[in-house]
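These notes concern the structure reproduced below.
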Amino acid sequence: MGENLEMLNLSLAKTYKDYFKIGAAVTAKDLEGVHREILLKHFNSLTPENAMKFENIHPEEQRYDFEEVDRIRSFAIENNMKMRGHTFVWHNQTPGWVFLDKNGEEASKELVIERLRGHIKSLCERYKDVVYAWDVVNEAVEDKTEKLLRESNWRKIIGDDYLKIAFEIAREYAGDAKLFYNDYNNEMPYKLEKTYKVLKELLERGTPIDGIGIQAHWNIWDKNLVSNLKKAIEVYASLGLEIHITELDISVFEFEDKRTDLFEPTPEMLELQAKVYEDVFAVFREYKDVITSVTLWGISDRHTWKDNFPVKGRKDWPLLFDVNVKPKEALYRILRF
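In this note's numbering, the protein residues as written are 140 to 476.
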């Protein structure tokens, strides 16, 4: 217990200051109360969890809603933190108007590119004083079929070149910020191969990509996680890319597990979770020459996107602080190296 009390005085951000930034995905509510205290103590990088996504920040062609992101930006600047921008181009959470002309017909390629340019320019200019990296394109690689790229309105209207075009536009306006491609399961062999192929071709064609985001929505039951992760880091680093761990959380359920009988995690689950956090942070430290940022997708189990996903009505406990916002064994393990 004495050791745990001593650990409570340690800060994640300070402990890892010679390794990489330590980030959290946040909402405006997290800037108050006990989550605020944890952010101030443990984190030096913030990602707006949803507020910067296209449908939220740019819901209508002539209307932006900057309020929540502005609050996060102010908090970051006041407390000497930086931000990751998330995200410009995604098949999800993009409002319908982006892809329609004034007659309600499918917009032309030129119009969609023009709108994307306006969107990227507005966000970069507003937040370039605090954003050190942008997730330019999110989840473009197909993982359900043999196809390389996912079907989306961006791809349908602009064509396969939409990734290259998005990065080129971002490079024009992003200043010194690094530009990232972000995806999930891209450390898994079947998707690693595809993602590598897509990025290698883009880089060979001169696309200004600085790094790759490994989302890291993992679980406590994956026996191959560490070996897959190391292989992925080495493969992406071989392309000369910086690596960010962008959305880390470690579920107590396998994705296929549909059980709904738990009202709190079992001691076995918490021990396994602590071990997985310990193991993956050891990998992050080992590759600190290429990993420059590690972001947790949330602060405590009180609020996590894993609640109700993939099983409606089910609570999950994937983060470093519990539902009472108390440190879990997982936190002590990654502070104790």
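Positions of the beta carbon are idealized from the N, C-alpha and C atoms, including for glycine.
### Query
Short check: CB of G243 to CB of S432, under 8 Å?
Position 104 of the sequence shown holds residue 243. Position 293 of the sequence shown holds residue 432. No, the Cβ-Cβ distance between G243 and S432 is not below 8 Å.
### Message
Using C-beta distances below 8 Å, list every residue in its chain close to K221, excluding the 5 sequence neighbours before and after it, in chain order.
### Response
The residue given as residue 221 occupies position 82 in the sequence shown. These residues qualify, in order along the chain: K160, N183, S184, L185, A215, V269, V270 and Y271.
#### Entry: Per-residue DSSP class, three states only, for H225
Position 86 of the sequence shown holds residue 225. Strand at H225.
### Query
Per DSSP, what kind of secondary structure is R202 in: helix, strand or coil?
By one-based count along the sequence shown, residue 202 stands at place 63. The answer is strand: DSSP assigns R202 an E or B state.
#### Entry: Assumed close pair A313, V276 - CB separation to whole angstroms, cut-off 8 Å
To locate residue 313, count along the sequence shown from 1; it is residue 174. To locate residue 276, count along the sequence shown from 1; it is residue 137. With a Cβ gap of about 13 Å, A313 and V276 do not count as contacting.
### Query
If you scan the stretch 213-273 from start to end, which runs of the alpha helix (DSSP H) of 4 or more residues do you find wholly inside it?
248-266
### Query
Rounded to whole angstroms, how far is the Cβ of E410 from the Cβ of E468, which I believe are closer than 8 Å?
As a first step, residue 410 must be located in the sequence shown, where it is residue number 271. As a first step, residue 468 must be located in the sequence shown, where it is residue number 329. Confirmed, about 7 Å.
#### Entry: Segments of 4+ residues assigned as alpha helix (DSSP H) that fall wholly inside the stretch 265-324
292-297 and 301-312
### Message
Suppose you measure from the CA of T284 to the CA of T154; what does that come to, to the nearest Å?
### Response
Within the sequence shown, numbered from 1, the residue matching residue 284 stands at position 145. Within the sequence shown, numbered from 1, the residue matching residue 154 stands at position 15. Whole-angstrom Cα-Cα distance: 42 Å.
### Task
Mind checking who V429 pairs with in its DSSP beta bridge?
Taking the sequence shown and counting its residues from 1, one reaches residue 429 at position 290. Partner(s): none; V429 has no beta bridge.
### T443 in three-state terms, based on DSSP
For the purposes of this step, residue 443 is taken as the residue at position 304 of the sequence shown. If DSSP states are grouped into helix, strand and coil, T443 belongs with coil.
### Task
State the DSSP-derived secondary structure class of N189, mapped to helix, strand or coil.
Stepping through the sequence shown from its first residue, residue 189 is reached at position 50. Three-state DSSP puts N189 in coil, outside helix and strand.
### Task
Could you tell me which of D300, I211 and A279 sits nearest to I252, measuring between CA atoms?
Stepping through the sequence shown from its first residue, residue 252 is reached at position 113. The option with the nearest alpha carbon to I252 is D300.
#### Entry: Opposing strand residues paired with A163 [DSSP bridges]
The count along the sequence shown starts at 1 and reaches residue 163 at position 24. According to DSSP, which records beta bridges pairwise, A163 is partnered with L185 and L435.
### Query
What residues are listed by DSSP as bridge partners for G350?
Residue numbering aside, residue 350 sits at position 211 when the sequence shown is read from its first letter. According to DSSP, which records beta bridges pairwise, G350 is partnered with F319 and E381.
### Query
Excluding the five sequence neighbours on either side, which residues of its own chain have a C-beta within less than 7 Å of the C-beta of M327, listed in chain order?
Position 188 of the sequence shown holds residue 327. If we look at M327 and ignore the five residues flanking it on each side, its Cβ neighbours are N367.
### Task
Quick one: give me the first and last residue of the alpha helix (DSSP H) that N367 is part of.
For this step, residue 367 is matched to residue 228 along the sequence shown. Taken as a continuous stretch (DSSP letters only), the alpha helix (DSSP H) holding N367 covers L364 to A376.
### Query
For V374, which residues of its own chain have a beta-carbon under 8 Å away from its beta-carbon, when the five flanking residues on both sides are left out?
Along the sequence shown, read from residue 1 onward, the residue named residue 374 stands at position 235. Around V374: L331 and Y335.
#### Entry: Residues bridged to F460 (per DSSP)
The residue given as residue 460 occupies position 321 in the sequence shown. Answer is S439 and P466, bridged to F460.
### Query
If you drop the 5 nearest sequence neighbours on each side, which residues of the same chain put their C-beta closer than 6 Å to that of K317?
Position 178 of the sequence shown holds residue 317. Closer than 6 Å at the Cβ level, and outside the excluded window around K317, lie A272, D349 and G350.
### Message
For D400 and W360, what's the separation of their Cα atoms in angstroms?
### Response
As a first step, residue 400 is located in the sequence shown; it is residue number 261 there, counting from the start. As a first step, residue 360 is located in the sequence shown; it is residue number 221 there, counting from the start. Spanning the two alpha carbons is a distance of roughly 18 Å.
#### Entry: Own chain residues within Cβ distance below 6 Å of C263, not counting five before or after
The count along the sequence shown starts at 1 and reaches residue 263 at position 124. Closer than 6 Å at Cβ, skipping near neighbours: Y312 and A313.
### Task
Confirm, please, whether the CB-CB distance from I297 to K248 is below 8 Å.
Stepping through the sequence shown from its first residue, residue 248 is reached at position 109. Stepping through the sequence shown from its first residue, residue 297 is reached at position 158. Yes. Within cutoff.
### Query
Can you list, in chain order, the residues of its chain whose CB lies under 6 Å from that of P404, leaving out five sequence neighbours each side?
Taking the first residue of the sequence shown as 1, we reach residue 404 at position 265. Correct list, in chain order: V391 and W456.
#### Entry: Cβ shell of P234 (< 8 Å), same chain only, five flanking positions each side left out
Position 95 of the sequence shown, counted from the start, is the residue given in the question as residue 234. So the qualifying residues of the chain are F193, E194, H197, P198 and E199.
### Message
Considering only DSSP beta bridges, list what N358 is partnered with.
### Response
Position 219 of the sequence shown, counted from the first residue, corresponds to residue 358. Paired residues: S390.
### Message
Measuring straight from C-alpha to C-alpha, what distance separates E381 and E281?
### Response
Locating residue 381 in the sequence shown gives position 242, counting from the first residue. Locating residue 281 in the sequence shown gives position 142, counting from the first residue. Approximately 22 Å, taken between the alpha carbons.
### Task
Whole angstroms is fine: what's the gap from M140's alpha carbon to L179's?
As a first step, residue 140 is located in the sequence shown; it is residue number 1 there, counting from the start. As a first step, residue 179 is located in the sequence shown; it is residue number 40 there, counting from the start. Residue placement at M140 cannot be trusted, given a pLDDT of 45 that sits under 50; what the coordinates show is reported in the next sentence. Looking at the two C-alpha atoms, the distance is approximately 24 Å.
### Message
Quick check on the burial criterion: 16 or more other C-beta atoms within 10 angstroms. Buried or exposed for K451?
### Response
Here the question's residue 451 lines up with position 312 in the sequence shown. So K451 counts as exposed.
### Task
Confirm, please, whether the CB-CB distance from I438 to I177 is below 8 Å.
Sequence index remark: in the sequence shown, residue 177 carries index 38 (1-based). Sequence index remark: in the sequence shown, residue 438 carries index 299 (1-based). The answer is yes: Cβ separation under 8 Å.
### Message
Let me make sure I understand the geometry here. Which of Y266, V237, N324 and W229 has the alpha-carbon closest to that of F394?
### Response
Residue numbering aside, residue 394 sits at position 255 when the sequence shown is read from its first letter. Checking every option, the nearest Cα to that of F394 belongs to N324.
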